[in-house]
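Visitor:
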C-alpha cells in the first residue's frame, strides 16, 4: 500500500492510492472523514517516466488538501497571473525592510505559537506512523513511539529545494511562470532522487530542515495518528479484497 500524510493543528490525514482519511480531534472526540481520491481512467495509461512520477505526485498531493487550501492555492495562482496586468506604482513606504519583515514573522509565530506547535507535533506523529509501517509492515502505538520522526519523503525537503531553485532564478531575473513550473518539476525529481540515497550522514543532511518543521509528538498525537492509519489500512484491505472479487486491477 502506498501511503502519505498531511498534518493539521488538531489532527492528521493519511492517504493511499485509493482514498484519504482525516482524523481531527473535536470536543475530546476523534472525528474521522474518509474520501475517495481515485485518479481518472486515463491516469493508468501514462507510462512515461519521470512524467508519470511528477503527475502522480502533484495529483495525490492536491487531492489530499482540504477545500480551503485548494481555494487558497487557486487564489495565489490567480493573483500571480493577473499581477502583471494590474497597474501598481512602486512606493517604498508600502514595503517592509528586512528587519520589519522579520518582526512581522516573529509576531505571527508568537500569536499563533500554540496551533503551530500542535501542527509540528502532528507532523512528527505522521512521520513516525509512516516510518513504522515501512519498517515493520504494521502499526502499533509502542512501535510508533520507537520510530524516527524524520522522513526523506517529507514535503519540507521539496519546499527547500524549490525555494533554492527559485532563488537562483530570481538572481538571474528569470521569474516567468514557465520558470516557476520548471523549477517545481525539477524539485520533485531531485526530491525523489534524494529518497534513494543511503547512509546515516546523507540522511542527516537531507533531513536537516526537519529539525524545525517536524517535532517529537506527545502520546496524544501518536494515538490519533495511529488510529487514523489503522482505519486507513483496514479500509484499504477491504477495497483490495472487493477489487479482486470483481477481477479489477488495483492501482
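In the UniProt record's numbering, the protein residues as written are 1 to 251. Built from N, CA and C at the ideal position, the CB exists for glycine as well.
Going by CA-CA distance only, name the one from 76, 34, 55, 29 that's closest to residue 40.
Guide: 55
Visitor: My output table needs one value for residue 36: the three-state DSSP class, helix, strand or coil.
Guide: strand
Visitor: Suppose contacts are defined by Cβ-Cβ distances below 8 Å. Is residue 227 in contact with residue 37 by that definition?
Guide: no
Visitor: Applying the criterion that 16 or more other CB atoms from any shown protein chain within 10 Å of the CB defines a buried residue, is residue 20 buried or exposed?
Guide: The residue is buried, with at least 16 neighbouring Cβ atoms inside 10 Å.
Visitor: When you compare each of 152, 208, 18, 165 to residue 196 by their alpha carbons, which one comes out closest?
Guide: 152
Visitor: From which residue to which residue does the beta strand (DSSP E) around residue 6 run?
Guide: 4–8
Visitor: Have a look at 199, 25, 6, 102 and flag the residue whose alpha-carbon is nearest the alpha-carbon of residue 65.
Guide: 6
Visitor: Does DSSP classify residue 11 as helix, strand or coil?
Guide: If DSSP states are grouped into helix, strand and coil, residue 11 belongs with the strands.
Visitor: How should residue 259 be labelled, buried or exposed, when 16 other C-beta atoms within 10 angstroms of its C-beta is the threshold for buried?
Guide: Absent from the structure is residue 259, since the part of the chain shown begins at 1 and ends at 251.
Visitor: Do the stretch 122–136 and the stretch 100–112 touch if we need at least three Cβ pairs shorter than 8 Å?
Guide: no
Visitor: Going straight from the alpha carbon of residue 200 to that of residue 206, what length do you get?
Guide: 10 Å
Visitor: Can you tell me whether residue 133 is buried or exposed? The criterion is at least 16 other CB atoms within 10 Å of its CB, across all chains shown.
Guide: Looking at its Cβ environment, which holds 16 or more other Cβ atoms inside 10 Å, residue 133 is buried.
Visitor: If you run the structure through DSSP and keep just helix, strand and coil, what is residue 200?
Guide: It is helical.
Visitor: From residue 211 to residue 241, what does the alpha carbon distance come to, in whole angstroms?
Guide: 40 Å
Visitor: With 16 other CB atoms within 10 Å as the buried threshold, where does residue 156 fall?
Guide: Note on residue 156: 16 or more other CB atoms within 10 angstroms of its CB, so buried under the neighbour-count rule.
Visitor: Can you tell me which of the three DSSP states residue 18 falls into?
Guide: coil
Visitor: Can you list, in chain order, the stretches of the alpha helix (DSSP H) that have 4 or more residues and sit fully within the stretch 89–153?
Guide: 98–111, 113–136, 141–146
Visitor: Could you name the residues that DSSP lists as bridge partners for residue 30?
Guide: 25
Visitor: If we count the other Cβ atoms within 10 Å of its Cβ and call it buried at 16 or more, is residue 225 buried or exposed?
Guide: buried
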